[in-house]
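**Student:** Please read through the structure below; I'll follow up with questions.
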Amino acid sequence: TVNYKLTIQNEGSRSVQRNVAYYNLDMILAIGYRVRSPRGIQFRNYASTVLKEYLIKGFAMDDERLKNLGGGSYFKELLERIRDIRSSEKVFYRQAL
244 TVNYKLTIQN
254 EGSRSVQRNV
264 AYYNLDMILA
274 IGYRVRSPRG
284 IQFRNYASTV
294 LKEYLIKGFA
304 MDDERLKNLG
314 GGSYFKELLE
324 RIRDIRSSEK
334 VFYRQAL
């Protein structure tokens with residue numbers, strides 16, 4: 244459930260190596276819903292908001308991340324998926340007419 248990866252970064256003029264823990268998403272969700280602390284409450288509120296948006300709209304987006312970081316490869320994938328959906332809409336409308 245935990246995977247440690249070595250990350251190397253420059254701090255000033257020196258190179259620093261650290262082991263960073265990467266946790267399993269299923270474990271994070273399970274623990275986040277059981278913790279009874281202010282941070283646990285904050286997590287449940289956030290997770291419930293995202294889940295509700297996904298259930299109502301069929302998708303969820305992290306608007307702030309896309310605005311601030313540009314989304315990286317995620318943004319390219321999102322555009323490709325939108326193009327694919329729009330092309331299937333064209334086929335649907337042609338068949339309906």
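Just so we're aligned, residue 244 is where the sequence shown starts under our numbering, counting upward by one. Glycine is no exception: its CB is placed at the ideal position from the N, C-alpha and C atoms. On a predicted model such as this, the values are computed, not experimentally measured, just so you know.
1. Name the two residues that bound the continuous beta strand (DSSP E) containing Ala-264.
2. Can you tell me where the alpha helix (DSSP H) with Val-293 in it begins and where it stops?
3. Keeping to the same chain, check which residues put their C-beta closer than 8 Å to that of Gln-260; ignore five residues upstream and five downstream.
4. Enumerate in chain order the residues of its own chain whose CB-to-CB distance from Glu-320 is below 6 Å, with the five nearest sequence positions on each side excluded.
5. Looking at the strands, I want to know which residues DSSP matches up with Leu-249.
**Tutor:** Taking the definition as stated:
1. 257-266
2. 281-300
3. Leu-249, Thr-250, Ile-251
4. none
5. Asn-262
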